[in-house]
Amino acid sequence: MGSSFKNANIGIERRLADAARGDDRACYELGMVYSTGTSGVVLDLIEAHKWFNLAAVS
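Numbering (this note's numbering), first residue to last: 255 to 312.
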């Protein structure tokens, strides 16, 4: 279980890095992760809304 949690964190870190470079797909994926509380991320609809908005304007 520790390995899958570590892999999930690496995936989130990569998406965050891609989003910082303006990748709209990464922003959308972060919105999905935060809106569903998957990949070891706590459900956060405000954070999800932020990422969906950033994806929409990219």
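We put the beta carbon where it would ideally sit given N, CA and C, even for glycine.
Cβ neighbours of residue i in the same chain (closer than 7 Å, five flanking residues each side left out)
i: N263; result: G294
i: A280; result: R269, D272 and A273
Residue span of the alpha helix (DSSP H) that contains residue i, given as start and end
i: T290; result: D278 to T290
i: L308; result: L299 to V311
Proximal residues to residue i (C-beta, below 6 Å), its chain only, five neighbours per side dropped
i: Y282; result: A309
Contacts around residue i, its chain only, beta-carbon distance under 8 Å, and the 5 residues preceding and following it disregarded
i: L297; result: Y288, S289, T290 and G291
Expected contact under 8 Å - CB spacing of residue i and residue j to nearest Å
i: A238; j: G276; result: Look at the range of the chain in this structure, 255 to 312, and you will see that residue 238 is not part of it.
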